[in-house]
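In the numbering used here, the protein residues as written are 1214 to 1447.
C-beta: ideal position from N, C-alpha, C; glycine also.
Have a look at the structure below before the remarks.
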């Protein structure tokens, strides 16, 4: 049994322009729709695979609603195939169509099955673009160009899928919309780009760190003049 420190600070979700390592399923689903057409930036493996599991569950729910129709189709196909096979074996002619009128009518889906078909098609269209965007960002997180996703068009979809299984690399931060954070080893003011500050549990930059940028300094005010009077406000 693991011990949870009650005094430990709660883990905060990073901004949408950063990957979320160790995301839960519902967080991954939420970020999937909030980053609907976002192709820049990165996505963690948890964001990608939790969404893939959720999508599979939704599709299986629709398929379950169509299971009765699938069973009728398979039954009709087997009966027709057996009748044709017997006709060929005996060398005779097929006297009538193997299926009765009632069996033919049963092949037409009912209202619930038609609704499931329509919803399944609508679901596929709704998630098409964000799924491409998510895969694009997941490839970025492994320091690959998102254009590798286009291998799906050549029938090589297994290649980008395997690439999405690879672990993240700090170099993938180059695909972020916001560059890596500033690092100030001697205090604020050095202003050099650096990726030495690490985010928890991952060796990449943490642009969402509250210490990423120097605090805003008030503008300098002019001092009194030579007679000791304050400067004229105009």
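Query: Cα-Cα separation, residue 1353 to residue 1230; Result: 13 Å
Query: Sequence ranges, alpha helix (DSSP H) only - wholly within the segment 1337-1379, length at least 4; Result: 1341-1354 and 1371-1376
Query: Residue burial classification, residue 1263 (beta-carbon count within 10 angstroms, cutoff 16); Result: buried
Query: Nearest-angstrom Cα separation, counted from residue 1290 out to residue 1364; Result: 35 Å
Query: Inter-residue Cα distance where the pair is residue 1508 and residue 1260; Result: In the structure as shown, the chain starts at 1214 and stops at 1447, and residue 1508 therefore has no counterpart that could be examined.
Query: Contact under 9 Å by Cβ, residue 1278 with residue 1329; Result: yes
Query: Residues of its chain near residue 1356, where Cβ-Cβ distance is below 7 Å and the 5 sequence neighbours each way are ignored; Result: 1382, 1384 and 1385
Query: With 16 other Cβ atoms within 10 Å as the buried cut-off, status of residue 1358; Result: exposed
Query: Residue 1316, enclosing alpha helix (DSSP H) - first and last residue; Result: 1314-1319
Query: Residue 1275 and residue 1332 closer than 9 Å at C-beta; Result: yes
Query: Buried/exposed call for residue 1228, threshold 16 Cβ in 10 Å; Result: exposed
Query: For residue 1236, the three-state DSSP class (helix, strand or coil); Result: coil
Query: Per-residue burial, residue 1246 [other beta carbons within 10 Å of its own, 16 or more giving buried]; Result: exposed
Query: Own chain, CB closer than 8 Å to residue 1250, minus 5 neighbours either side, in chain order; Result: 1342, 1343 and 1346
Query: Through-space distance from residue 1281 to residue 1370, alpha-carbon basis; Result: 31 Å
Query: Alpha carbon of residue 1349 to alpha carbon of residue 1390, nearest angstrom; Result: 14 Å
Query: Nearest-angstrom beta carbon gap, residue 1322 and residue 1293 [assumed within contact, 8 Å]; Result: Actually they do not touch by this definition, with Cβ atoms about 19 Å apart.
Query: Expected contact under 8 Å - CB spacing of residue 1361 and residue 1376 to nearest Å; Result: 6 Å
Query: Proximity winner among 1380, 1288, 1296 and 1255, relative to residue 1317 (alpha-carbon distances); Result: 1288
Query: Cutoff 6 Å; reference residue 1214; Cβ partners in own chain excluding five residues on either side; Result: With a pLDDT of 42 at residue 1214, under the threshold of 50, the modelled position of that residue is not reliable, and no figure is offered here.
Query: Under the three-state DSSP convention, the category residue 1277 falls into; Result: helix
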